[in-house]
Structure formats: structure tokens, C-alpha cells
Amino acid sequence: MYYAILKARKLKEKPNETGFASPHINHLGVLISIWEDVDAISRWRNQATHLRIQQKANQDVYDDYRVRVGPELDNATSRETSLDDTSPVVLLYYRESLETTPKDDTTSLLESTVANGIQSHLLSSSVYLGPRTLWISSWQSEKVARQFTSLLSRIQNDDLKIVRTQRDYTKSRRNDTPSEKAGSL
């Protein structure tokens, strides 16, 4: 599976348009797109959602946005690649509900003494509410992300995905934007 993760702060639209909305920052939302094969994701640059994002960004509907694209890593993929690989990864953790407010739960876990050894490898962390709670955290490497997943108190029906970041671009930093020259993914 291949994922595209769009995080955007809207200026002119309803805050819940993307399905997951930040409970702490007005109008901040996330859209997760999933493809089954690399050929499907290679068409991302011409896909309607991507074109709409670009058009809305040009019209200043979005204050800013960030798109991260890459393959899901499973245990088989991890064995094929070195765990010493320092490519950044995104951890997507879906959960039916959190016992406390999302920010308190994630903050307390990140500040715990157990997580202290890997906390410095955390690039970003955000919680979004939608049909389920979605916690997105970015890590410097797969190895550190997997260490962190072992600290999570998992519950029934939760879901955890680790996605290697192969493309990462924003409204102002366009280096990794899909194009014919840049390649398919």
C-alpha cells in the first residue's frame, strides 16, 4: 500500500472538509489517500485531489499545506531494508477513542521517562479527530518509530501504519512535488 498524507490549514472553507480535524488548531485538517500499487500513486500528480489541492493553494484557500507520500512498511519490508536506514517515516495510529483528551494522552506518553531516549528523534506529532482519532507522528528513522510503537498502549480495533517518506513538499518548498522530471512516485 502507498499513502499520501495531506495536512492543510484552510482559510476559506469548512474545517471538517478533509475528514480529520485538529481539536487544537482551528481549520487544520488531514486527508489520507491510499493506493494499492506504485502505478496508481505515480498518477498522483494528475489525480483530481492533488490538482484541487494545488489549485486551492494557488487561490490562497490554504494558508499552507504539506504533502508526504510513500509506501507502507510492514515487517517483511523492514527485513529487506536496513533498520539503520535514516529515511524519515510517518506513523499513523488510528484509535476508536482515547480515554483522556488526545493532546494529554499523546503528550504524557512522549514525556514519559520510557520514551526519553527516543523523544529527540521525534520530528512532529499531531492529533486529529474524525470517524476515529488519528495520531500522526513523524520520526527520523524506521528504527526509532518501531521502538516507539512498542511503548504504545494498544487497544482492540486500533490500527497502526508506518509510511516511509519518499516525497515531502509544502506550498513554499516544492522540491519533491511530483512532475515528469522528478519521477513517478
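Residues 20 to 204 (my numbering) make up the sequence shown, in order.
Ideal placement from N, C-alpha and C gives every residue a C-beta, glycine not left out.
Computed from a predicted model, the values in this text were never measured in an experiment.
| Item | Value |
| --- | --- |
| Excluding the five sequence neighbours on either side, which residues of its own chain have a C-beta within less than 6 Å of the C-beta of alanine 201, listed in chain order? | Bear in mind that the predicted position of alanine 201 carries a pLDDT of just 45, short of 50, making it unreliable; the figure below should be weighed with that in mind. Correct list: empty, nothing qualifies. |
| Considering leucine 148, what are the terminal residues of the beta strand (DSSP E) in which it resides? | 141-148 |
| Taking only three categories from DSSP, how would you classify glutamate 161? | helix |
| Within the same chain, show all residues whose beta-carbon is closer than 7 Å to that of lysine 75, passing over the 5 residues directly before and after it, in chain order. | Tyr81 |
| Going by beta-carbon coordinates alone, are leucine 142 and tryptophan 158 separated by less than 8 Å? | yes |
| DSSP three-state label for arginine 71, please. | helix |
| Closest to valine 88 by CA distance: which of Val182, Ser191, Glu115 is it? | Val182 |
| Quick check on lysine 200: does DSSP put it in helix, strand or coil? | Note on lysine 200: pLDDT 47, under 50, position unreliable in the model; no value is reported. |
| May I ask you to list the residues that DSSP assigns as paired with alanine 27? | Gly48, Tyr84 |
| Under 8 Å between the Cβ atoms of isoleucine 155 and arginine 114? | no |
| Return yes when the Cβ of arginine 85 is within less than 8 Å of the Cβ of threonine 189, no when it is not. | yes |
| Indicate the three-state DSSP secondary structure (helix, strand or coil) for threonine 105 in the structure shown. | coil |
| Rounded to whole angstroms, what is the Cα-Cα separation between serine 92 and aspartate 58? | Here the sequence assigns leucine to residue 92, which means serine is not the residue at that position. Answer to the nearest angstrom: the Cα atoms are 17 Å apart. |
| Please check the pair threonine 184 and valine 108, which I expect to be a contact at CB under 8 Å, by giving their CB distance rounded to whole angstroms. | 6 Å |
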